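Trainee: Chains as they are written, first to last, in the working numbering: chain A, 1 to 282; chain B, 283 to 590; chain C, 591 to 1092.
Don't be surprised by glycine CBs; every beta carbon is placed ideally from N, CA and C.
Source: prediction; values computed, not measured.
Before I ask anything, let me first share the structure, which is written out below as structure tokens.
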Amino acid sequence: MSWKMSVDHETKYSYLKPIYSQHNELRISPRDTPQQFTLEHNLEIDPATNLYRYNDYFGTRVTVFAIEEEHQELSVKGHSLVETASGAPHVAKAPVTWEMLKSDSVNDKFCEYLSLSEYTKYSPLYEPLIEELRGLQTPGLAVDYLGQWIRNNIFYQPGSTHVKTTAPDIMENRMGVCQDFVHLGLAVLRQVGIPCRYVSGYLYPADHGEIGEVVSGESHAWMQAWLGDWYGVDPTNDTPVAEKHVLVGWGRDYDDIAPVKGVINGVPNSRMTVTVSLCRVA
Amino acid sequence: MLSRIAESCYWIGRLVERADYTARLLDVHYHNLLQNHPSESAQLANHLVSVMGTNAGAPMEDIDHAINFIGFDPTFSGSISDTIMALAENAKGVRDTIPAELFEAIHATYVELQNSYFGENVYSNHELFKWVRNRCMLIHGNVDETMARDDSYHFLNIGRCLERIDMTARMVAVRCAMDDDAPGWITMLRSCGAFEAFMRAKGDTHDTKAIIEFLLRNSCFPRSILSSASSALSSAQQLSDSGEGIGDESDPRFALGRMCAEIEFTSIEDVHDNLLEEVFLLQKGVMGVNKVMVDKYFHHTNAIEWRQ
Amino acid sequence: MTMTDFASKYDTSLTYDEMFDENGVVRSAYESVMKVFNDLRLNDFDARGQLRDQAFKDQGITFSYSGQERPWPLDLVPRIITSDEWETIESGITQRVAALEMFLEDIYTNGHILDDGIIPRKVIATSKHFHRSVHGFSPSNKVRIHVAGVDLIRDKNGEFLVLEDNLRCPSGISYVLENRRATSHVFPELFKSNSIRSVTEYPQKLKNALIASAPRGVENPTVVVLTPGVHNSAYFEHAFLARQMGVELVEGRDLVVHDNVVFMKTTSKAKRVDVIYRRIDDDFIDPMQFLPYSTLGVAGIINAARFGKVTIANAVGNGAADDKLVYSYLPAIIEYYLGEKPKIKNVETYRLDDEEVRNFALENREKLVFKPVDASGGYGLVIGPHATAEELDTIGKQVQADPRGYIAQPVISLSTSPTYDGESISPRHVDLRPFVVNDGEKMWAVPGGLTRVALPKGSLVVNSSQGGGSKDTWVLQSEETKSQPKQATQQIQQQQQQQQQQ
Chain A
1 MSWKMSVDHE TKYSYLKPIY SQHNELRISP RDTPQQFTLE HNLEIDPATN LYRYNDYFGT
61 RVTVFAIEEE HQELSVKGHS LVETASGAPH VAKAPVTWEM LKSDSVNDKF CEYLSLSEYT
121 KYSPLYEPLI EELRGLQTPG LAVDYLGQWI RNNIFYQPGS THVKTTAPDI MENRMGVCQD
181 FVHLGLAVLR QVGIPCRYVS GYLYPADHGE IGEVVSGESH AWMQAWLGDW YGVDPTNDTP
241 VAEKHVLVGW GRDYDDIAPV KGVINGVPNS RMTVTVSLCR VA
Chain B
283 MLSRIAESCY WIGRLVERAD YTARLLDVHY HNLLQNHPSE SAQLANHLVS VMGTNAGAPM
343 EDIDHAINFI GFDPTFSGSI SDTIMALAEN AKGVRDTIPA ELFEAIHATY VELQNSYFGE
403 NVYSNHELFK WVRNRCMLIH GNVDETMARD DSYHFLNIGR CLERIDMTAR MVAVRCAMDD
463 DAPGWITMLR SCGAFEAFMR AKGDTHDTKA IIEFLLRNSC FPRSILSSAS SALSSAQQLS
523 DSGEGIGDES DPRFALGRMC AEIEFTSIED VHDNLLEEVF LLQKGVMGVN KVMVDKYFHH
583 TNAIEWRQ
Chain C
591 MTMTDFASKY DTSLTYDEMF DENGVVRSAY ESVMKVFNDL RLNDFDARGQ LRDQAFKDQG
651 ITFSYSGQER PWPLDLVPRI ITSDEWETIE SGITQRVAAL EMFLEDIYTN GHILDDGIIP
711 RKVIATSKHF HRSVHGFSPS NKVRIHVAGV DLIRDKNGEF LVLEDNLRCP SGISYVLENR
771 RATSHVFPEL FKSNSIRSVT EYPQKLKNAL IASAPRGVEN PTVVVLTPGV HNSAYFEHAF
831 LARQMGVELV EGRDLVVHDN VVFMKTTSKA KRVDVIYRRI DDDFIDPMQF LPYSTLGVAG
891 IINAARFGKV TIANAVGNGA ADDKLVYSYL PAIIEYYLGE KPKIKNVETY RLDDEEVRNF
951 ALENREKLVF KPVDASGGYG LVIGPHATAE ELDTIGKQVQ ADPRGYIAQP VISLSTSPTY
1011 DGESISPRHV DLRPFVVNDG EKMWAVPGGL TRVALPKGSL VVNSSQGGGS KDTWVLQSEE
1071 TKSQPKQATQ QIQQQQQQQQ QQ
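Take a look at the structure:
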């Protein structure tokens, strides 16, 4: 049963001192996939300014804007109405074999989703986990196992990490938020040769979607592994990636899909608040 | 022209004038002190430092201490050495805009100062100050003789006129802090390079009001405050689009015009009785014009660029 | 001692020499030069050298070496290329640039060459210079390589080989022009007896190419030269080119992007900028897309290019094609886009990301040259036969740690040219960097280019930042007054997916 869901996202920045100008790129607009269709979408920026759009290398919808007058606050409001499909095939059942993943064509086609970065770099701390994964019969089972392992072994603790925390840090400290869980998942899966990517979007957090009920959600990160096709896996929640996950876009890691990226002209002292509300309308 | 280039020309003007006046200030007061009031060394030293707009972090022990500080201390941005370094930096940035001889004159000044001693008396202080003043005169000469009277010249001229007003005001402020006697005013006149001119014009060094009037608004003397303000006003006039009226406070002509009018039409009695306050108003006026220049021409938006 | 005295002691057994053949006989192209030098004594040479140094110093034609400003080291013995040799060079380098233009267009739009497996996707996708922020759009006249510097060397048989392509901010053209000017002032006699093709057209050709690349619909485009500033070691060239082309020289802080249009901050109205000849590396050019702490660039400039409001020359992202690993695929690239064999060969290159090749290379490391794929200025090179045991050990470890980051090549004994070292005229290794300007319809190569000399005896490192010098480089006129500029052999443009704008 597919859902029709409204997503309202507001990010507010307030600056200690007025800043002169800023240039930004937003990656907060849901994109269309076989599992998701955008019915409505608009963005409002305050102070008002012209918006420009393009689709980036990964196909993510990007909105470009600049504020060029002195201001002390910035508000970005996005409203979307999306249709999300239910019933995604379970990753544990993915038919692809370890042999198939070793082929040259897979390694060539998905080389970007196998490459490592500062966020997803190697650490010897992964070794025990890597061994366990390799021992499983199929890569699909390995991905499923990994998702569970992370949920069971990494503690969800907001404030324990920052935007630049790397996967080795997470493995060592065993705590973080969804961004960190995903980076760790990507780092480990890439070590065993499974192409995987960082996905950004929104999560409807309640168990049952009451129609008309507005719930407070979050800007969320999960991952997709390629096992013949792209399978969504959420290493933070034990929720299958289906109608409750609204997808904005993907990349190799957080840097490729950061919701807001930009530069400020002025002193950067700021406070940021993000509110996300979701409502199942049908 | 590019804002950055305009701003550099403006600062070249200000910095040359600053180096020149600072050297004069130190030179004249040092020798006056040695000759007339050697015991007041510490007092004078501290006054000089405070007039330069700083407190040096600690009280001055004697005049040599102050000279080393104002002349050469690398942590003091108004020191002669620092001023000349900033001057060379600005010149480097506009090297392709200014005449080659002007660039050479500035660059050579910097290189020679670098190669001689800071803070130690290899040259006698007097010789060093004289050298600085001569180099500044050379730079002025190059400006006046080789620069086309285009925008770069006018920005430079506005810079040096404003600095001249500011430094003259500071000189008077030093004088105010000392005892009210004739030798102090003579020293003051000498610092401004105005002694001989004054003697020819008025001759009476006991007439403080005459001295003040001379420095303030004698139109024949090129270093009087009025002459400087008028010259800056005329350059500002050249910079503005032809036919554009003066408009409002965002136009440098507005502030400069008002400054000229106030200087010309204030009674000398009032000025004399409230000298320190008048001096402060002049400095404030200069800061006001500076801000207008920045807002109108230099378009400062470059603080630090940071990532969100 | 005169030139003839040196000629008799000149050793041409180890290399191909530019001026003397294997029997020590002067080559015909150099005969009139030989005549002029024959009558010179060493102190004549010295005197002319001093004249040259003084002229350079007075004009501020210097460069940075070990943190100091030195007069540009120009050797007074010219390097001569015959018109036949030049024809080969010119057709070879323009062929390369044409293929590389198509390659860049392809990898930044459809990626057909990757889909067709001609070059592994990984090579591009893992290149540090493949910038995803400029993927998905094309410059308005499809030109990305407005200026290229293709480095050539000559092996023991006198054959020219391509050493590397420089497609980002190739520098050195100002020295080509100044070398010619200085040599003609200091040695006018040389010019009387030789018919040398002029190089002075370069600034005009570059300007025309930049104007041709302006966004569509702009009349009288405004061109600027974007420099990192006076502290950059190549600043002289930036200011020189701006002056020669009659355009404004700007720094990042002089520009601002407003509604994706680039403007210059001036004392009156902000002035729109249409074409930016930038001499700033990609990494510093847009703090929004690259290094966010860079104050050298302009925030939003890449999107201004994306939305077609400004042209950045050379285009951002060209580094994906002049990476030394991509270089090793050039013959396949030329074949793929042009259906031709390379007219000038590559130096044989070992791709170290292949395990077998890597093992072979490391086993024979004392005989090979190891190069980081994206180094420049001659830095990071390890020349096997000249390296210490420690250096050989280090490079082995570095290659193992990052095989994609290195290539290896056999040591080529570069050709030599007689060079004055203060005491005698003796052979020094040289290379050649010709420059190609692409205006979208034709390619034009400056006759000659920059010849760089490795000044220390036996050294193979020619870069000026490491103590190299240069020579005035001549291409002699042929019987025809001019050879025709080569046509860019670009095929009909591949279909390009227009990115949606909502």
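#1: Got a sec: is the Cβ-Cβ distance from tyrosine 204 of chain A to anything in chain C below 8 Å?
#2: Which stretch, first to last residue, makes up the alpha helix (DSSP H) that contains arginine 744 of chain C?
#3: Label alanine 799 of chain C either buried or exposed according to how many other C-beta atoms from any shown protein chain fall within 10 Å of its C-beta, with 16 as the threshold for buried.
#4: Should histidine 23 of chain A be flagged as near chain C, meaning a C-beta pair shorter than 8 Å?
#5: For the region 21 to 31 of chain A and the region 50 to 66 of chain A, state whether three or more C-beta atom pairs, one from each stretch, are separated by less than 8 Å.
#6: I want to verify the contact list: residues of chain A whose CB lies under 8 Å from the CB of histidine 848 of chain C, in sequence order.
#7: Flag arginine 722 of chain C as yes if its beta-carbon sits less than 8 Å from any beta-carbon of chain A, otherwise no.
#8: Note the first and the last residue of the continuous alpha helix (DSSP H) segment covering valine 611 of chain C.
#9: Helix, strand or coil for leucine 16 of chain A, going by three-state DSSP, please let me know.
#10: Provide the residue(s) that pair with lysine 899 of chain C in DSSP beta bridges, ordered along the chain.
#11: In angstroms with no decimal places, state the Cα-to-Cα distance between asparagine 949 of chain C and proline 818 of chain C.
#12: Which chain C residues sit within Cβ distance under 7 Å of aspartate 108 of chain A?
#13: I need the boundaries of the alpha helix (DSSP H) containing aspartate 533 of chain B, first residue and last residue.
#14: For the alpha helix (DSSP H) containing glutamine 649 of chain C, name the first residue and the last one.
#15: Please state if the CB of proline 30 of chain A and the CB of leucine 247 of chain A are separated by a distance shorter than 8 Å.
#16: Check whether chain C comes within 8 Å of aspartate 433 of chain B, counting only Cβ atoms and requiring the distance to be less than that.
#17: In the DSSP assignment, find the beta strand (DSSP E) that holds asparagine 269 of chain A and state where it starts and stops.
#18: With a 10 Å radius around its C-beta and 16 neighbouring C-beta atoms as the bar for buried, classify phenylalanine 155 of chain A as buried or exposed.
#19: If we cut at 8 Å on Cβ distances, does arginine 771 of chain C have a partner in chain B?
#20: Against chain C, which members of the region 86 to 120 of chain A pass a CB distance test of less than 8 Å?
#21: Cβ-heavy atom distance between alanine 348 of chain B and the ligand GDP below 7 Å?
#22: Spatial neighbours of tyrosine 600 of chain C within its chain, please: CB distance less than 8 Å, with the 5 preceding and 5 following residues excluded, ordered by chain position.
#23: Just how far apart, CA to CA, sit valine 177 of chain A and threonine 166 of chain A?
#24: Assign glycine 969 of chain C to one of two classes, buried (16 or more other C-beta atoms within 10 Å of its C-beta) or exposed (fewer than that).
#25: For serine 598 of chain C, does the count of other Cβ atoms within 10 angstroms reach 16, so buried, or fall short, so exposed?
#26: Which one or two residues does DSSP pair with cysteine 474 of chain B in a beta bridge?
#27: For lysine 566 of chain B, would you say it is in contact with chain C, using Cβ-to-Cβ distances shorter than 8 Å as the test?
#28: Exposed or buried, which one is asparagine 372 of chain B when buried takes at least 16 other CB atoms within 10 Å?
#29: Could you tell me which whole beta strand (DSSP E) segments of length 3 or greater appear in the region 311 to 365 of chain B?
#30: Classify alanine 991 of chain C as buried or exposed, calling it buried when 16 or more other Cβ atoms lie within 10 Å of its own Cβ.
#31: Do serine 80 of chain A and serine 6 of chain A have their C-beta atoms closer together than 8 Å?
#32: Any idea what DSSP makes of arginine 1018 of chain C, helix, strand or coil?
#33: By Cβ distance, which residues of its chain are closer than 8 Å to valine 214 of chain A, with the 5 residues on each side in sequence left out?
#34: Note the first and the last residue of the continuous alpha helix (DSSP H) segment covering proline 205 of chain A.
#35: Output, in chain order, the set of chain C residues within a Cβ distance shorter than 9 Å of threonine 378 of chain B.
#36: Relative to the C-alpha of threonine 223 of chain A, which residue among A:Ser216, A:Gly217, A:Asp229, A:Asp234 is closest?
Mentor: In this structure, then:
#1: Here residue 204 of chain A refers to the residue found at position 204 when the first sequence is read from its first residue. Not an interface residue.
#2: Walking along the third sequence from the start, residue 744 of chain C turns up at place 154. Note, arginine 744 of chain C: premise wrong, no alpha helix (DSSP H); beta strand (DSSP E) at 737 to 744.
#3: Reading the third sequence from its first residue, position 209 is the one you call residue 799 of chain C. By the 10 Å Cβ count, alanine 799 of chain C comes out buried.
#4: If you number the first sequence from 1, residue 23 of chain A lands on position 23. Yes, contact with chain C.
#5: Per the Cβ contact rule, the region 21 to 31 of chain A is in contact with the region 50 to 66 of chain A (3 or more Cβ pairs under 8 Å).
#6: By 1-based counting over the third sequence, the position of residue 848 of chain C is 258. Here the neighbours are Ala66, Glu68.
#7: Taking the third sequence and counting its residues from 1, the one referred to as residue 722 of chain C is at position 132. Output row for arginine 722 of chain C: interface = yes.
#8: Looking up residue 611 of chain C in the third sequence gives position 21. The amino acid occupying residue 611 of chain C in the given sequence is aspartate; valine does not appear at that position. That residue, aspartate 611 of chain C, is in no alpha helix (DSSP H); it is neither H nor E in DSSP.
#9: Locating residue 16 of chain A in the first sequence gives position 16, counting from the first residue. Of the three classes helix, strand and coil, the one that applies to leucine 16 of chain A here is strand, per DSSP.
#10: Residue 899 of chain C sits at position 309 when you count from the first residue of the third sequence. BP columns for lysine 899 of chain C are empty, so no partner.
#11: Along the third sequence, read from residue 1 onward, the residue named residue 949 of chain C stands at position 359. Along the third sequence, read from residue 1 onward, the residue named residue 818 of chain C stands at position 228. Their backbone Cα atoms lie some 42 Å apart in a straight line.
#12: On the first sequence, residue 108 of chain A is found 108 positions in, with the first residue counted as 1. Within 7 Å Cβ-Cβ: Pro710, Arg711, Lys712.
#13: To locate residue 533 of chain B, count along the second sequence from 1; it is residue 251. Run containing aspartate 533 of chain B: none; DSSP gives neither H nor E here.
#14: On the third sequence, residue 649 of chain C is found 59 positions in, with the first residue counted as 1. From DSSP, the alpha helix (DSSP H) with glutamine 649 of chain C extends over 632 to 649.
#15: Indexing the first sequence from 1 puts residue 247 of chain A at position 247. Indexing the first sequence from 1 puts residue 30 of chain A at position 30. Taking 8 Å as the Cβ cut-off, leucine 247 of chain A and proline 30 of chain A qualify as a contacting pair.
#16: Counting from one through the second sequence, the residue named residue 433 of chain B turns up at place 151. Yes - at least one Cβ of chain C is within 8 Å of the one on aspartate 433 of chain B.
#17: Your numbering for residue 269 of chain A matches position 269 in the first sequence. Under the DSSP assignment, asparagine 269 of chain A falls outside any beta strand (DSSP E); it carries neither an H nor an E label.
#18: To locate residue 155 of chain A, count along the first sequence from 1; it is residue 155. By the 10 Å Cβ count, phenylalanine 155 of chain A comes out exposed.
#19: Along the third sequence, read from residue 1 onward, the residue named residue 771 of chain C stands at position 181. For arginine 771 of chain C, no Cβ of chain B is located within less than 8 Å of the residue's own Cβ.
#20: Asn107, Asp108, Lys109, Cys111, Glu112, Ser115
#21: What this structure holds is no ligand at all, so the ligand GDP is not there to describe.
#22: Here residue 600 of chain C refers to the residue found at position 10 of the third sequence. Only Asp607, Phe610, Gly614, Pro1008, Ile1015, Ser1016, Pro1017 meet the Cβ criterion.
#23: Residue mapping note: residue 177 of chain A aligns to position 177 of the first sequence, counting from 1. Residue mapping note: residue 166 of chain A aligns to position 166 of the first sequence, counting from 1. Each residue's alpha carbon lies about 12 Å from the other.
#24: The residue you call residue 969 of chain C lines up with position 379 of the third sequence. In the sequence on display, residue 969 of chain C carries tyrosine and not glycine. By the 10 Å Cβ count, tyrosine 969 of chain C comes out exposed.
#25: Taking the first residue of the third sequence as 1, we reach residue 598 of chain C at position 8. The residue in question, serine 598 of chain C, is exposed, as its Cβ has fewer than 16 Cβ neighbours within 10 Å.
#26: Against the second sequence, residue 474 of chain B aligns to sequence position 192. DSSP output for cysteine 474 of chain B lists no bridge partner at all.
#27: Stepping through the second sequence from its first residue, residue 566 of chain B is reached at position 284. No, its Cβ sits nowhere closer than 8 Å to a Cβ of chain C.
#28: The residue given as residue 372 of chain B occupies position 90 in the second sequence. By the 10 Å Cβ count, asparagine 372 of chain B comes out buried.
#29: Whole beta strand (DSSP E) segments, 3+ residues: zero.
#30: In the third sequence, the residue the question calls residue 991 of chain C occupies position 401. Alanine 991 of chain C comes out exposed.
#31: The sequence position of residue 80 of chain A within the first sequence is 80, counting from 1. The sequence position of residue 6 of chain A within the first sequence is 6, counting from 1. Yes; because the gap between Cβ atoms is below 8 Å, this pair is in contact.
#32: For the purposes of this step, residue 1018 of chain C is identified with residue 428 of the third sequence, where counting begins at 1. Looking at arginine 1018 of chain C - three-state DSSP - the assignment turns out to be strand.
#33: Mapped onto the first sequence, residue 214 of chain A falls at position 214. Result list for valine 214 of chain A: Ser277, Leu278, Cys279, in chain order.
#34: As a position in the first sequence, residue 205 of chain A is number 205, starting the count at 1. Segment: none, proline 205 of chain A is in no alpha helix (DSSP H) and carries neither H nor E.
#35: As a working note, residue 378 of chain B is residue 96 in the second sequence. Correcting the residue identity first, residue 378 of chain B is aspartate in this sequence and not threonine. Simply Ala829, Ala832, Arg833, Leu839.
#36: Looking up residue 223 of chain A in the first sequence gives position 223. This sequence places methionine at residue 223 of chain A; threonine is not what is there. The shortest C-alpha separation from methionine 223 of chain A is found at A:Asp234.
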